[in-house]
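Sequence order for the protein chains is H and G. The first sequence runs 1 to 120 under our numbering. The second sequence runs 121 to 240 under our numbering. We put the CB at the ideal spot given by N, CA and C, even for glycine. Following: one structure in structure tokens, then a few remarks.
Number of protein chains: 2
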Amino acid sequence: MPKSLLELTPVQTAACCPPLQREPLTVELAERVAPLLKALAEPVRLRLMSLIASSTDGEVCVCVLSGAFQLSQPTISHHLKVLHDVGLLERSKRGVWVYYKARTAALADVAALIGGTKDA
Amino acid sequence: MPKSLLELTPVQTAACCPPLQREPLTVELAERVAPLLKALAEPVRLRLMSLIASSTDGEVCVCVLSGAFQLSQPTISHHLKVLHDVGLLERSKRGVWVYYKARTAALADVAALIGGTKDA
DNA sequence: CTCCTGTATCGATGAACATCAATGTCGCGT
DNA sequence: ACGCGACATTGATGTTCATCGATACAGGAG
Numbered sequence: 001m002p003k004s005l006l007e008l009t010p011v012q013t014a015a016c017c018p019p020l021q022r023e024p025l026t027v028e029l030a031e032r033v034a035p036l037l038k039a040l041a042e043p044v045r046l047r048l049m050s051l052i053a054s055s056t057d058g059e060v061c062v063c064v065l066s067g068a069f070q071l072s073q074p075t076i077s078h079h080l081k082v083l084h085d086v087g088l089l090e091r092s093k094r095g096v097w098v099y100y101k102a103r104t105a106a107l108a109d110v111a112a113l114i115g116g117t118k119d120a
Numbered sequence: 121m122p123k124s125l126l127e128l129t130p131v132q133t134a135a136c137c138p139p140l141q142r143e144p145l146t147v148e149l150a151e152r153v154a155p156l157l158k159a160l161a162e163p164v165r166l167r168l169m170s171l172i173a174s175s176t177d178g179e180v181c182v183c184v185l186s187g188a189f190q191l192s193q194p195t196i197s198h199h200l201k202v203l204h205d206v207g208l209l210e211r212s213k214r215g216v217w218v219y220y221k222a223r224t225a226a227l228a229d230v231a232a233l234i235g236g237t238k239d240a
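What follows is the structure, given as structure tokens:
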């Protein structure tokens, strides 16, 4: 896994404004970013991501997450897998329990690309 | 259409960090943001959005956009409609031509919600 | 070793989606 | 008026996806 999920070039990261508004996205970059957005583009996954990212411990047990939604356990597990597969969540198993942690850097990367702050 | 697409509350907009990392997203907010992310979560639409947002004129004619992809005209029209329907694009017809303009504020809203800059 | 419990995987099903060809609609020129 | 060109809408098709029940795979307790 790369240090930065999106592997933005110096020009891109140092840019005054979000790459998306700076110059047309390349096909490759668009295809690399889209899966991250797609993973977030679902209400349940957005809330899962938020629940984990806003937790004081930084980590949240799946057992807690399962109880926070009126969805079956396999469904929650599926959504967590989607977020994990694109690199938005880290997974650590301790004993019988599994904990997920948010990769806030990845979130920041996505945000910086699509919007961020503009001006010089 | 609301002034701000996401209608973030003062607490949310003035927050030190992205709402998503600050406190668990409410069901309503998650369901309001997800469609915007879904609209962006497609390589072609991401590139369309970028092409329009990065254009010097601020506006781009559909005739230009159609030529920039190896896709049928209806398909491009469909993608533009998706972006327009969620409020990411503005549409203006002049003569026979149709021009689309990026709602950068909407992009910034989404970015601020999911990532933005953290720290205190 | 054998249950019980937490989590992941599998298989199926119905809904949503990307794409295209065909058709419709609206302006402009002739 | 007529026809052409730009764009949108419709209908159809194959694919992707969210969800669930059933099942598999751990690891701890007894």
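When DSSP assignments are scanned along the region 53-77 of chain H, the uninterrupted stretches of alpha helix (DSSP H) that are 4 or more residues long and fall wholly within it turn out to be 62-67.
For Val110(H), the uninterrupted alpha helix (DSSP H) run begins and ends at 104-114, by DSSP.
The beta-carbon of Arg142(G) is placed less than 8 Å from the nearest beta-carbon of chain H. Taking the Cβ atoms as the reference, Met169(G) lies roughly 15 Å from Leu191(G), outside the contact range of under 8 Å. In this structure, the straight-line span from the alpha carbon of Arg22(H) to that of Ile114(H) is close to 10 Å. For Glu28(H), the number of other beta carbons within 10 angstroms of its own is below 16, and it is reported as exposed.
The Cβ of Glu42(H) sits closer than 8 Å to at least one Cβ of chain G. Taken atom to atom, the span from the alpha-carbon of Arg45(H) to that of Ala39(H) is near 7 Å. Neighbourhood of Lys101(H) in chain G, by CB distance below 8 Å: empty, with the nearest CB roughly 12 Å away. Ranked by Cα distance from Val206(G), the first of Pro144(G), Leu157(G), Leu140(G) is Leu157(G).
Taking 8 Å as the threshold, the shortest C-beta distance from Val202(G) to chain H does not fall below it.
Looking at Glu42(H), Pro35(H), Leu88(H), Lys101(H), the one whose alpha-carbon comes closest to that of Ile52(H) is Lys101(H).
According to the DSSP assignment, Leu20(H) belongs to the alpha helix (DSSP H) that extends over 19-22. Interface with chain H (8 Å Cβ-Cβ cutoff): Lys213(G) is excluded. By alpha-carbon distance to Cys181(G), the top candidate from Asp229(G), Tyr219(G), Ala231(G) is Tyr219(G). Nearest CB-CB separation between Val230(G) and chain H: below the 8 Å threshold.
In terms of beta-carbon proximity, Gly178(G) stays away from the interface with chain H, with every pair separated by 8 Å or more. Nearest CB-CB separation between Val33(H) and chain G: below the 8 Å threshold. Annotation for Leu209(G): the continuous beta strand (DSSP E) segment containing it runs 209-214. Only residues of its own chain outside the window of five on either side were considered, and among them Lys101 have a CB closer than 6 Å to the CB of Gly58(H), listed in chain order. Per DSSP, Ala161(G) is not a residue of any alpha helix (DSSP H), being assigned neither H nor E. Look at Gly235(G): its C-beta is under 8 Å from a C-beta on chain H. Nearest C-alpha to Asp229(G) among Val216(G), Leu200(G), Leu208(G), Ser197(G): Leu208(G). Our two residues, Arg47(H) and Gly215(G), have alpha carbons roughly 45 Å apart in a direct line.
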